[in-house]
Amino acid sequence: MARKTSYTQNSIVTAAIQVVQRQGIENLSARSVAAQLGCSTAPVYSSFDSMTSLEKATLSAAKEKLLDYTKRPVTELIFLNIGIGMVTFAREEPELFRALFFGESRKREILDEILMTCFDRMSEDQQLKEVPTASKVELLDRMFMFAHGMASLVSVGLLSNDSDQYVRGMLSDVGGLLIEDVIKRMQKES
Numbered sequence: 001m002a003r004k005t006s007y008t009q010n011s012i013v014t015a016a017i018q019v020v021q022r023q024g025i026e027n028l029s030a031r032s033v034a035a036q037l038g039c040s041t042a043p044v045y046s047s048f049d050s051m052t053s054l055e056k057a058t059l060s061a062a063k064e065k066l067l068d069y070t071k072r073p074v075t076e077l078i079f080l081n082i083g084i085g086m087v088t089f090a091r092e093e094p095e096l097f098r099a100l101f102f103g104e105s106r107k108r109e110i111l112d113e114i115l116m117t118c119f120d121r122m123s124e125d126q127q128l129k130e131v132p133t134a135s136k137v138e139l140l141d142r143m144f145m146f147a148h149g150m151a152s153l154v155s156v157g158l159l160s161n162d163s164d165q166y167v168r169g170m171l172s173d174v175g176g177l178l179i180e181d182v183i184k185r186m187q188k189e190s
């Protein structure tokens, strides 16, 4: 008698992530996930009531992977590490990056969750401890636009130099200017 294999939601999402990493989000289907698992589509459909719910779980797992990259202690500056992590994620996981940020099915809620987590981490950054909340929000928005733009170029192979040193230097330069601008405005208001 053949041993029955059970598939958990986590194992199915892991397989879905692997499909997206290799083939892109547009090729995520019950059939592609089942092929990755080496089973029929039955476990996929019994674990997820729709492909929409599987895609949502897959994007949530991709988001967590991105956030793990932003937590890596590449430098002593948390704010800089967030940007470096985003660009590194785009370079190492281009299909997951595109799944999160490109295409019509991507949800604003994912971006909001990423920004909220990054904002919370900014509060731990000693160089920003005196910066008021409103200025931190503005600083995050501005730096996110720059880092996301750089990461987008990296994910599609359009940035000619995406080395760690170049990425760190660019993000450090731009982040430094943005922080300097916030500090100058705070001093004017005092």
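Counting from 1, one number per residue, gives the positions in the sequence shown under our numbering. All C-beta atoms in this analysis are idealised placements derived from N, C-alpha and C, irrespective of residue type, glycine included. Here the structure is a predicted model, which is why all the values come from computation and not from measurement.
Query raised in the report: Residues in its own chain within less than 6 Å of aspartate 125 by CB, not counting five upstream and five downstream?
Result: Contacts found: Ile78 and Phe79.
Query raised in the report: Between Ser47, Met51 and Ala57, which lies nearest to isoleucine 17 when the distance is taken from Cα to Cα?
Result: Out of Ser47, Met51 and Ala57, Ala57 has the C-alpha closest to the C-alpha of isoleucine 17.
Query raised in the report: Run through DSSP, which three-state label would serine 46 get?
Result: Here serine 46 sits in helix by DSSP.
Report task. With DSSP collapsed to three states, give me the class of lysine 107. Result -> coil
Query - Cβ neighbours of leucine 184 in the same chain (closer than 8 Å, five flanking residues each side left out) - result: Reading off the sequence, residue 184 comes out as lysine, not leucine. So the list is empty, once near-sequence residues are dropped.
Requested in this report: Evaluate the contact criterion for the segment 52-68 versus the segment 91-101: three or more CB pairs, one atom per stretch, below 8 Å.
Outcome: yes
Query raised in the report: Grouping DSSP H, G and I as helix and E and B as strand, with all else coil, what is alanine 2?
Result: Residue placement at alanine 2 is poorly supported in this model, since its pLDDT is 48, which falls under 50; the coordinates still yield a value, given next. Reduced to three states, the DSSP call for alanine 2 is coil.
Query raised in the report: Can valine 74 and alanine 151 be called in contact, C-beta distance under 9 Å?
Result: No, the Cβ-Cβ distance between valine 74 and alanine 151 is not below 9 Å.
Query raised in the report: What is the DSSP secondary structure of phenylalanine 79, reduced to helix, strand or coil?
Result: helix
Query raised in the report: So, helix, strand or coil for glutamate 93, using DSSP?
Result: Reduced to three states, the DSSP call for glutamate 93 is coil.
Report task. Would you mind sorting proline 43 into buried or exposed? The rule is 16 or more other CB atoms within 10 Å of its CB. Result -> buried
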